[in-house]
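Numbering (the working numbering), first residue to last: 6 to 394.
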């Protein structure tokens, strides 16, 4: 009785997983498919849809005796093992793009990312005749083959590769601590599913666990989109106001000094008019990159609050420390300018205000004071340059 129930239970699990993924895909369609990270995420979702469908088909065909049953089960099994590492490969590509936002980088790595998949594909297709990864007995019942482990190694290679991309040093300044955490935690449920499947032959838990991870990522991405700037990935003005209100209450009780550091890109209009708005977007992203790199160690709060305006909320002992942060930002931005072969350099003006001082008791007041200070410094520099001429 129990043996007859197992296929039904697994089919129900596959159906739940498919329902989760179809809801995610439908929600993605409502918000559009224009961004590259959405395309990579959708590829990940569709690959898991394929795995759940193939898993269900294998349960329906296993041990069946009707015309073409053996041929269908053999084809489904080959496709199953063919697509398995593709799920991990799409996850790797999604992580790579989430970190570096560079389609050119992914195109340059296409061959490297594709080699393990191609090796696995050759092994899986040949298994139809050799039984290396899987084979079917005389009763049309599926079994793992002696080279099943090689297929697992290929999939594990992609998983470890993704972890290396997430945690390598060059990614540190491009991801927030929260982003690193949820990108890493994506792998936890599938890892549990893999362990269960290896320990208990015939138990299939991996793909429903991948569906759970995809839902987890989708919820986090959606929450992030509500409070983040779509171009730079920094917090938006709405999130800045909420965070400042929450942080201000703690600061008053702790007796610490909270500064709002306002940054404004110099000559962004000139870059847009001369080189195009795509170049202006790259200038904004370069500024955001510098901010992430400099502020990652102290976990400062970053936001883009307007067209070319950024704000940094930071705990500092004095204004001298705020000036040191500005200097580090300039040095970092100059280094990024030197690494780029674009015909323009990115520069900024900065001003700051201390929360709770001179009437700065809410988000708007502290922004106004920081903005006023920034333009006073900017005007002073412009007058000095005019006098030198």
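Built from N, CA and C at the ideal position, the CB exists for glycine as well.
Keep in mind that this is a model prediction, so the values were computed, not measured.
Exposed or buried, residue i, counting other C-beta atoms within 10 Å across all chains shown (16 or more means buried)?
i	result
residue 115	exposed
residue 186	exposed
residue 194	buried
residue 192	buried
residue 278	exposed
residue 198	buried
residue 376	buried
residue 238	buried
Taking C-beta to C-beta, are residue i and residue j nearer than 8 Å?
i	j	result
residue 248	residue 321	no
residue 129	residue 156	yes
residue 90	residue 135	no
residue 59	residue 85	yes
residue 52	residue 88	yes
residue 56	residue 81	no
residue 289	residue 236	yes
residue 150	residue 132	yes
residue 327	residue 338	no
residue 210	residue 217	no
residue 245	residue 368	yes
residue 67	residue 138	no
Short of 7 Å in beta carbon distance, which residues of its chain neighbour residue i, apart from the five on each side in sequence? Order them along the chain.
i	result
residue 73	none
residue 45	95, 98, 99 and 102
residue 341	291, 294 and 295
residue 225	187
residue 219	26, 29, 49, 50 and 53
Do you know how far the Cα of residue j is from the Cα of residue i?
i	j	result
residue 309	residue 267	10 Å
residue 233	residue 196	30 Å
residue 378	residue 269	12 Å
residue 54	residue 61	11 Å
residue 92	residue 125	13 Å
residue 70	residue 213	28 Å
residue 374	residue 170	41 Å
residue 347	residue 176	22 Å
residue 344	residue 163	30 Å
residue 142	residue 78	11 Å
residue 252	residue 349	37 Å
residue 17	residue 221	21 Å
residue 20	residue 32	18 Å
residue 110	residue 180	17 Å
residue 330	residue 166	34 Å
residue 14	residue 43	32 Å
residue 311	residue 242	8 Å
residue 285	residue 189	32 Å
Does any CB atom of chain C fall closer than 8 Å to the CB of residue i?
i	result
residue 77	In summary, chain C is missing from the structure at hand, where a single protein chain is found.
Could you pull out every residue in the same chain whose Cβ sits closer than 6 Å to the Cβ of residue i, ignoring the five residues on either side in sequence?
i	result
residue 305	317 and 319
residue 215	53 and 195
Tell me which same chain residues have a C-beta within less than 8 Å of the C-beta of residue i, skipping the five on either side of it?
i	result
residue 39	Any reading at residue 39 must be qualified, since the residue scores a pLDDT of 49, below 50, and its modelled position is unreliable; the value itself is stated next. Same-chain partners within the cutoff: there are none.
Check whether the segment 263-277 touches the segment 193-206, counting contact only when three or more Cβ pairs, one atom from each stretch, lie closer than 8 Å. No: fewer than three Cβ pairs fall under 8 Å.
Measuring CB atoms only, is the segment 354-361 touching the segment 288-307, in the sense that at least three cross pairs come out at less than 8 Å? Fewer than three pairs of CB atoms, one per stretch, sit closer than 8 Å, so the segment 354-361 makes no contact with the segment 288-307.
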